[in-house]
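*Asks:*
In our numbering, the protein residues as written are 1115 to 1433.
1) Just list the alpha helix (DSSP H) runs in the segment 1144-1194, keeping only unbroken ones of 4 residues or longer that don't cross its boundaries, in chain order.
2) May I have the straight-line CA-CA distance separating residue 1387 from residue 1216, to the nearest angstrom?
3) Sort 1204, 1153, 1144 and 1303 by Cα distance to residue 1373 and report the nearest one.
4) Apart from the five residues just before and just after residue 1130, which ones in its own chain have a Cβ nearer than 6 Å to its Cβ?
5) Label residue 1236 either buried or exposed according to how many other C-beta atoms from any shown protein chain fall within 10 Å of its C-beta, with 16 as the threshold for buried.
6) Residues in its own chain within less than 8 Å of residue 1272 by CB, not counting five upstream and five downstream?
7) When you compare only the Cα positions, how much space is there between residue 1270 and residue 1328?
8) Could you say if the segment 1228-1235 and the segment 1248-1255 meet the contact criterion of at least three C-beta pairs nearer than 8 Å?
9) Restricting to Cα atoms, I'd like to know which of 1396, 1365, 1339 and 1391 is closest to residue 1437.
10) Write down the C-beta distance between residue 1137 and residue 1367 rounded to the nearest angstrom, noting that I regard them as a contact closer than 8 Å.
11) Between residue 1261 and residue 1276, what straight-line distance do the alpha-carbon atoms span, to the nearest angstrom?
12) How is the alpha helix (DSSP H) around residue 1320 delimited, first residue to last?
13) Quick check on residue 1258: does DSSP put it in helix, strand or coil?
14) Work out the CA separation of residue 1242 and residue 1139 for me, nearest whole Å.
15) Check whether the segment 1151-1163 touches the segment 1373-1382, taking contact to mean three or more Cβ pairs, one atom from each stretch, closer than 8 Å.
16) Consult DSSP for residue 1281 and reduce its assignment to one of helix, strand or coil.
17) In its own chain, which residues sit with a C-beta less than 7 Å from the C-beta of residue 1142, not counting the 5 before and 5 after it?
18) Compare the C-alpha of residue 1391 against each of 1206, 1245, 1166 and 1123 and name the closest.
19) Where are the beta strand (DSSP E) runs, 3 residues long or more, that stay fully inside the segment 1309-1354, in chain order?
20) Please tell me whether residue 1212 and residue 1365 are closer than 8 Å, where the distance is taken between their beta carbons.
21) CB-CB under 8 Å to residue 1238, same chain, minus the five flanking residues each way: which ones, in chain order?
22) Within the same chain, show all residues whose beta-carbon is closer than 6 Å to that of residue 1151, passing over the 5 residues directly before and after it, in chain order.
23) Helix, strand or coil, according to DSSP, for residue 1125 in the structure here?
24) Ends of the alpha helix (DSSP H) at residue 1289?
25) Here's a check: name, in chain order, each residue in its chain whose Cβ is nearer than 8 Å to the Cβ of residue 1161, leaving out the five neighbours to either side.
26) Considering Cα atoms alone, identify which of 1153, 1288 and 1290 is closest to residue 1313.
27) For residue 1434 and residue 1363, I'd like the C-alpha separation in whole angstroms.
28) Can you name the start and end residues of the alpha helix (DSSP H) that residue 1368 belongs to?
29) Tell me whether residue 1209 is buried or exposed, calling it buried when 16 or more other Cβ atoms sit within 10 Å of its Cβ.
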């Protein structure tokens, strides 16, 4: 049935399905966050994801060398991914879903900023204006001075910065590093760092909670596989904006499961951030040089150490 649809429509549908699955993933994280530390959740999800990621890597025919070509960049990316994972899970645990997504949606804006010092790319006046407007949208969500800045808000901002850092490093070294390095270094970093901190926060998980942790790992792989299919069916300019559909799922799940109703500030700020991100995607789509597309060449949502990077498994720009 799907094969009869035009490629752009098929790609958009795969992407919408992927981000719906990711949203369900985040609901489970939030449910577990009421009982367990984000450190424990990240550790167990990473542990349960490890065999699934390995199988996915083998199926893709990825290289198996774990020795990086750029060890320092790989180390910085692993650190950024681990920080992003625990920060994102903390934000989901403490903040309403819609508010967390509004903060994480700033990641493409930060990728655009980081592309200047890390990749040496040029950002024109219009894209700079879009970045500034988008960051103003983040301020609308945060409402500094009107509401206290909580740990959840800080965690969401740190997750966005860490995700942008990890993603831009993939753009810098992704063509030279093996998929094994790009996938497994952050995962191993997660196991080591979160494992070291685990004894201080560990609570023996109930059987049903272990099942939820396993479900989070499976949902991560499922969503990643759908995104791979999406990018094989359609260009990045069509697939990338589909991530913003998560705000719809956040509103639905937040209302039905957590009795959350996003306020006008959250919705307005999210709309500003989304509009800025869409404008940057549109500007990059019109760019003549592939070296001037840091957002379109970043092919998944928030970068963490608990689920694989799509661009590590599927990137037609890699030799």
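Built from N, CA and C at the ideal position, the CB exists for glycine as well.
*Replies:* From the atom records:
1) 1152-1173
2) 7 Å
3) 1144
4) 1356 and 1359.
5) The residue in question, residue 1236, is exposed, as its Cβ has fewer than 16 Cβ neighbours within 10 Å.
6) 1197, 1198 and 1201
7) 24 Å
8) no
9) There is simply no residue 1437 to check, as the chain begins at 1115 and stops at 1433 in what is shown.
10) 6 Å
11) 24 Å
12) Careful: residue 1320 lies outside any alpha helix (DSSP H) and carries neither H nor E.
13) strand
14) 33 Å
15) no
16) DSSP places residue 1281 in helix when its eight states are reduced to three.
17) For residue 1142, where only same-chain residues beyond five positions count, the Cβ hits under 7 Å are 1326, 1329 and 1330.
18) 1245
19) none
20) Contact annotation: residue 1212 and residue 1365 have beta-carbon atoms nearer than 8 Å.
21) 1397
22) 1315
23) helix
24) Element bounds for residue 1289: n/a, residue is neither H nor E.
25) If you ignore the 5 residues before and after residue 1161, its C-beta comes within less than 8 Å of the C-beta of 1305, all in its own chain and listed in chain order.
26) 1153
27) Summary: the structure shown does not reach residue 1434, with the chain confined to residues 1115 through 1433, and so no result is reported for it.
28) 1360-1372
29) buried
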